[in-house]
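Residue numbers (the working numbering): 286 to 1341.
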């Protein structure tokens, strides 16, 4: 008796039990009986008949399977699924199967549409004496008259012959003579026409007279009545009477007027209707010649209507022939392939259908006042109307104006909806290139109207949005590229990065369109609070259709279509090529610049930020990427500067967005990774590594401006000191004019900008500590102090001051100074922020601070103000001013109100506020530093009196307050904000000098006028400047008396 397997026994134990069972040759407890298959009959082989196994191995035996494998033969053909579904067994009841597949009669008779017989003529049957209709035999058909073509059925031929027999007979000679004489009387009322016989050779001629006088255009079939033919004949007789009453000259005049008004194609159609009114093909040619034959057979005077009708007919034919002659006639010689008789269906060559095979006519060379449709090449260039391009370029097609090369916008829209992937991709690519060139202003002087506005009105935005949902990678890539060309301006991004290190350059206005409808709604909701207004506005936008929202705000319309979710899917799942990834990152950056609401929607998109941080900002990647000549096939898993810039712009959306990025998405570890290591050691291409490091420092600066990520300053303090020590080495490489050097200067400016915000945050630590200790009430909001103190940042001053002195030594070298000016500007801003905060620190000795200010004034600033290069910089204020040159703020030629642009397309000229020679950023930083020094040390105010004595500054201030304020646009608001900072600091210095310097009186009236003009021009976001101007400048009693004495006006104005 064998025991059963127990829990815990292994497979080896089971094999051991099996061997014991086989060795004992015991009978199994269960016997397997194989049931015979009904389809194969009785089973012939049993287990007893199987051969005994030579060993104890388990061998599987298959019935009816040979021991020797058969030769390889092709597999049987696949069976149809339909045939297997229709297999029927012998025992199946056909009646039951029919009942199962039977359908109701409504499935057959549910879509019956009756033919409209209201306009059909009803004829009564011919009465006969037979009780039933007479039955005809098919042998009788030969003796009957056959009507129509021979392809009709026998029954149709019989019925047609019977209808012909039922019509009134027209054979009697008396009726023929009556009709013929009546028709001749109509044509010749004087009776000068001779009477033609009704028999013999004149029978056909009489029939021609009758047919020619029936209406050929108006048949009366649409009247739907039994008297339709009589009505048409009455109208025809009325027309003939009208023609009879007119002279030949009047008829020709009316004929010319009609031919001039009617379309030539309509004239040809009417002529074809007249020639085809007989209804038989073999009589068409006879009908065309019938009017001339009829006129020749009649002896009608020249002034009669008959002669007039022939002239009219010939004039019509001449007009049609003239139109036909304008087109190139096609003959057998024009065809590229000569038709042969043995070819099927080529016995009758249809030249009209083969017209496209002939050579294209040359485009019109003469200039016309009438505008022509714009056509573009595959590169997006505008093709001139008279350009004769070869056909091998692929720019000719069989659409409208086939002789002109290129594609119109309408044709490209049509191709974008094609079923062919290549056509859809090509159309979207060409549209993207057209948009990019249109935004660059290349079509402004050639086209009438705006290409962008025309495309947006035609639904171009939603065409791109629908194309993003396509399943084909090429179509998605083309739509992403076109959307990037529509939204993103690389020149705008370039100048936004250029001004990041300026005074308050990090803060920019949201790129939200100014909607008139929203302004009207805000006027109606003035009584509501801010939260209620935002909720009401959000609710209204949700109720509006996507097209209405996109009509005044493209970015908001795209967000309403949940474009961020689709872009996340493309990045995460599709994983496109690097070019498409960069385009998507640029699009997301532009959406983040729209508003803080857009930043919140991007942050709330599931897995969007996670995917970007994980895939494009990893801490480790393949080192082969940094090898020269390495071609990236995928950007996933490689650090990317565009991704870091997107995170930086997203952090600029507010304090909350920055906190979410640093804490939830682990951006602190990325900041440490990309700032602690030198760009040369980042295992990336050199330029990409410098850009990535620069964007990392800018992101850190944004966070430090909100008082966040300051704890990283303590961890990376040695790294910052090392970078500051290496900055003076840029002077030795300043002679190398290459992109790497300019990128290095931008990275250095970003580092100093970071220190500016860290120092500003550290200056508030002591104040926040004192408030936190003194305020013990729980109801008041308590702001925790930042984790950085003043002692931790004060040690960097010597490095920065030394670097500033070295960089100021090259101010006379124009080319070198233009490259190093952004870095020097940040040095000035840092010193101004440092000394402003230094005077408020309780741990700093005031005497030491004043001595440092005196030393800085005597050793650095006064020698700087005395240099000739500074005189040139003050003189450049007026040429580079946006107030004195309003055209510098003019919008771009292809700007649309629904897409906010900063009008930097094509770059700014050197002599502009944003140009390379602009003195505004450096002079604003210098005045900011002077304001901080004179605020702490009042005794140094007179030492800076030379600043207001520069002729360039006085000329600029005098010109600026007299000019008309430029129109308020996003570009003008952004540019003028930097110019107003310079004017404000100049006026603050003037106010300080008014009470201390005796020789200031001659400038008081000018500064007061500038202050009043500045007060009227300040825009939202500059409320603090307006407060300071009202408090200390606009109504300052030290300004007004001099204004009254100098101008002799406002004598009643008194200040109490």
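Beta carbons are placed, not taken as given, at the ideal position from N, Cα and C, and that holds for glycine. Only a predicted model underlies this, so the values are computations on that prediction, with no experimental measurement involved.
Where residue i falls: helix, strand or coil (DSSP)
i            : result
residue 848  : helix
residue 420  : coil
residue 1078 : helix
residue 318  : coil
residue 765  : helix
residue 991  : coil
residue 1112 : helix
residue 931  : helix
residue 292  : coil
residue 625  : coil
residue 493  : For residue 493, the predicted model reports a pLDDT of 42, less than 50, meaning its position is unreliable and no value from the coordinates is stated.
residue 1235 : coil
residue 1068 : coil
residue 1002 : helix
residue 1184 : strand
residue 1322 : coil
residue 892  : coil
residue 1106 : helix
residue 660  : strand
residue 1096 : coil
residue 1226 : coil
residue 584  : In this prediction, residue 584 scores a pLDDT of 34, lower than 50, which makes its location untrustworthy; the coordinate-derived value is nonetheless stated afterwards. The answer is coil: DSSP assigns residue 584 none of H, G, I, E or B.
residue 1196 : coil
residue 667  : strand
residue 902  : coil
residue 438  : coil
residue 1164 : helix
residue 778  : helix
residue 574  : Bear in mind that the predicted position of residue 574 carries a pLDDT of just 42, short of 50, making it unreliable; the figure below should be weighed with that in mind. Correct three-state label for residue 574: helix.
residue 733  : coil
residue 1169 : coil
residue 258  : The displayed coordinates of the chain run from 286 to 1341. Any statement about residue 258 would go beyond what the structure contains.
First through last residue of the alpha helix (DSSP H) which encompasses residue i
i            : result
residue 540  : 533-546
residue 1255 : 1255-1281
residue 837  : 831-837
residue 1030 : 1024-1047
residue 528  : 513-530
residue 869  : 863-877
residue 1221 : 1205-1221
residue 855  : Per DSSP, residue 855 belongs to no alpha helix (DSSP H) and is neither H nor E.
residue 1140 : 1131-1141
residue 1056 : 1050-1059
residue 409  : No alpha helix (DSSP H) holds residue 409; DSSP gives it neither H nor E.
residue 1312 : 1308-1313
Beta-carbon separation (whole angstroms), residue i vs residue j, contact threshold 8 Å
i            : j            : result
residue 987  : residue 1045 : In fact, because the Cβ distance is near 13 Å, the residues do not count as touching under 8 Å.
residue 1012 : residue 928  : So it is not a contact: roughly 27 Å between Cβ atoms.
residue 888  : residue 942  : 6 Å
residue 690  : residue 1179 : Wrong, their Cβ atoms sit about 24 Å apart, outside the cutoff.
residue 1218 : residue 1115 : Contact doesn't hold; Cβ gap of about 14 Å is too wide.
Check: residue i C-beta below 8 Å from any heavy atom of the ligand SAM
i           : result
residue 842 : In the structure on display, the ligand SAM does not appear, and there are no ligands present to speak of.
ask   = On the three-pair Cβ rule with 8 Å, is the segment 755-770 touching the segment 704-713?
value = yes
ask   = Does the count of Cβ pairs from the segment 830-846 and the segment 896-913 closer than 8 Å reach three?
value = no
key: Stretch-stretch touch, CB-based, cutoff 8 Å, three pairs: the segment 1206-1218 with the segment 1105-1112   = yes
request  = Would you mind listing the alpha helix (DSSP H) stretches within the segment 935-986 that are 4+ residues and don't spill past its ends, in chain order?
outcome  = 940-948, 952-961
inquiry  = List, from N- to C-terminal side, the alpha helix (DSSP H) runs of 4 residues or more that fit wholly inside the segment 671-719.
reply    = 694-701
request  = Give a yes or no on contact between the segment 968-978 and the segment 905-921, applying the rule of three or more CB pairs nearer than 8 Å.
outcome  = yes
inquiry  = With a threshold of 8 Å, are at least 3 pairs of Cβ atoms found where one atom belongs to the segment 1185-1200 and the other to the segment 1210-1228?
reply    = no
request  = Indicate whether the contact test is met: 3 or more Cβ pairs, each with one atom in the segment 692-705 and one in the segment 740-760, closer than 8 Å.
outcome  = yes
query = Any contact of the segment 878-888 with the segment 915-935, i.e. 3+ C-beta pairs under 8 Å?
reply = yes
ask   = With contact counted as at least three CB pairs below 8 Å, one residue from each stretch, are the segment 988-1006 and the segment 1064-1082 in contact?
value = yes
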